[in-house]
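Chains as they are written, first to last, in our numbering: chain L, 2 to 88; chain Z, 18 to 510. Report on one structure; see the data block that follows.
Here is the structure:
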């Protein structure tokens, strides 16, 4: 999986949990919280959906890795690739 | 019918909070079952039919309404968490509501879903209080009311720091208390904030077809997520072992197990299910009358005292055609001070709430087919609970007349004969009805005055959601189920 594909995975999840947000201009290097109205309940949902849809585990101590699209891609891409290599 | 004997999570009660918790858990792959004693869902906010006519229970209006695009409020949070599209609830806004105080409602404050209307009313009717009112509003806006570990503070004390006119103080408390307070005379400030936002800063709305629309959406989401439910199958006992809920005994006598249990039936009602469990006779479900003395004592220690009667009048025309205007909800009180407490008499008709469901803005060409006029007043459970049937029916009829007479003082005058000719049918519920259909001790709609924000109980894997967790109103109930499912189960992986 590429980092761009990984960003799309995260954006798809956000689109489902927050359908009232406009995601057409999300800046990858800016914190999601600063450009979208997402609260802690929403971030929990991003984590939960990653587990449900993709089998990716994000421990609570590492939630801040999901702050922006760029940081999410840095953090998640190796996890996706490790998972793909295993199967 | 499903008949598995082990679940990841068992939920007691298919009200708004239980359904919401169930949707969250099932969506994230938990094997969940909701056990509901009755044959309908919705709990306190349900509906029933008599002679083909559908009546809503509970719901006058859904509070917490905000328009599309307003984010970060309870309604938006719950729609997101439950993956519900806004349009599915088909909410229609109120037209206008009113708080009317004095023997004939001489002092009134109008309000709508636009907070500026209430603010302007306060400025005109209470000019020396408006600065304090604005300070109070600012405090409400910044207060963290959903904190799960806030310390209780008296709302009366906090409000009096900002408002010095007791009439205005009472007028603001009246709607907030009637729509959610389990506490007599005062409220916990966090609860006041929740209600102030829900009613004044946000607002009222309703689907044209009433609460059943909301219930239908929740049920469908729950079903789609793979949740199970067993109707006409309550939980009779919780078997406690080593500080945990080890098993649930159902009304059928069957025993099931679950890793975790969420109860929406109230704190004392839940405690009664596992306290001294060996003493509970394995008989037909009965709440107070059949409860062993040891359990009655435990339960009454924290059970709520506030109950209500409601009269429902079905009219053959829109209430506005009778001359009753377009007010949606009217909170009334005729006395020098507003007395929110269990009355000594069966009913206290001095104050109450009028609801005219026809007066929501359903859009062009859309209207309820019949007129509906509902009046709610405070009532005393004990004075209704033990009446022989004949006396019960006679007292209902007598109070029906008194409640309506009292409420009509706050509406434009309509000739008795004209009103009588417009009446198609009537119904009335009492504290006894509430206990029968909700299981709440003392007919206490809003549950115990003692709330358990974190939802913990004496058993490690048994949690509370709903009324006694402490988020109020229908939206609050759903958020309560969501919060407890997240906090105790989903966040723990």
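We treat Cβ as the ideally placed atom computed from N, Cα and C, and that holds for glycine. Just so we're clear, the structure is a prediction, and the values are computed from it rather than from any experiment.
Query, Result
"Residue 509 (chain Z) versus residue 442 (chain Z) - alpha carbon distance", "52 Å"
"C-beta contact flag for residue 230 (chain Z) and residue 106 (chain Z) at 9 Å", "yes"
"Segment limits, beta strand (DSSP E) that includes residue 242 (chain Z)", "First-last for residue 242 (chain Z): undefined, no H or E at that position."
"Contact check, residue 475 (chain Z) vs residue 190 (chain Z), beta carbons under 9 Å", "no"
"Sheet register partners of residue 365 (chain Z) (DSSP bridge)", "Z:395"
"Nearest-angstrom Cβ-Cβ length linking residue 53 (chain Z) and residue 250 (chain Z), presumed shorter than 8 Å", "7 Å"
"Residue-chain proximity (residue 45 (chain L), chain Z), Cβ-Cβ < 9 Å", "yes"
"Interface flag, residue 14 (chain L) vs chain Z, CB-CB below 9 Å", "no"
"Stretch pair the region 25-34 of chain Z + the region 268-283 of chain Z: three plus CB contacts closer than 8 Å", "yes"
"Pair within 9 Å by beta-carbon distance, residue 37 (chain Z) and residue 95 (chain Z)", "yes"
"Interface flag, residue 1 (chain L) vs chain Z, CB-CB below 9 Å", "This structure does not reach residue 1 (chain L), given that chain L is present from 2 up to 88, and the question cannot be answered."
"Residue 306 (chain Z) at chain L interface by Cβ criterion, 9 Å", "Residue placement at residue 306 (chain Z) is flagged as unreliable, the pLDDT there being 42, under the threshold of 50; the coordinate-derived value follows with that caveat. So no, residue 306 (chain Z) is outside the interface."
"Outcome for residue 120 (chain Z) when other beta-carbon atoms lying within 10 angstroms are tallied against a minimum of 16", "exposed"
"Minimum Cβ-Cβ distance from residue 178 (chain Z) to chain L less than 9 Å", "no"
"Beta-carbon proximity check, residue 181 (chain Z) vs residue 149 (chain Z), cutoff 9 Å", "yes"
"Closest by C-alpha distance to residue 241 (chain Z), when choosing among Z:341, Z:173, Z:49 and Z:473", "Z:49"
"Straight-line Cα distance separating residue 139 (chain Z) from residue 151 (chain Z)", "10 Å"
"Where residue 24 (chain L) falls, given that 16 or more other Cβ within 10 Å makes a residue buried", "exposed"
"Nearest candidate by alpha-carbon position, reference residue 175 (chain Z), set Z:397, Z:247 and Z:155", "Z:155"
"Residue 224 (chain Z) to residue 495 (chain Z) span [Cα, whole Å]", "17 Å"
"Proximal residues of chain Z, C-beta to C-beta of residue 21 (chain L) below 9 Å", "85, 86, 88, 93, 96, 97 and 103"
"Assigned exposure category for residue 466 (chain Z) - 16 Cβ within 10 Å defines buried", "buried"
"Beta-bridge partners of residue 65 (chain Z), as assigned by DSSP", "Z:72"
"Beta-bridge pairing of residue 442 (chain Z) - partner residues as DSSP gives them", "Z:331"
"Which listed residue (Z:506, Z:504 and Z:330) has its alpha carbon closest to that of residue 422 (chain Z)", "Z:330"
"Cβ separation of residue 469 (chain Z) and residue 284 (chain Z), assumed to be a contact under 8 Å, to the nearest whole Å", "6 Å"
"Inter-residue Cα distance where the pair is residue 447 (chain Z) and residue 396 (chain Z)", "8 Å"
"Where residue 261 (chain Z) sits in the DSSP three-state scheme", "strand"
"Closest by C-alpha distance to residue 129 (chain Z), when choosing among Z:420, Z:33, Z:46 and Z:78", "Z:78"
"Stretch-stretch touch, CB-based, cutoff 8 Å, three pairs: the region 67-81 of chain L with the region 49-59 of chain L", "yes"
"DSSP-derived helix/strand/coil call for residue 35 (chain Z)", "helix"
"Cβ pair count under 8 Å reaching 3, the region 385-393 of chain Z against the region 353-373 of chain Z", "yes"
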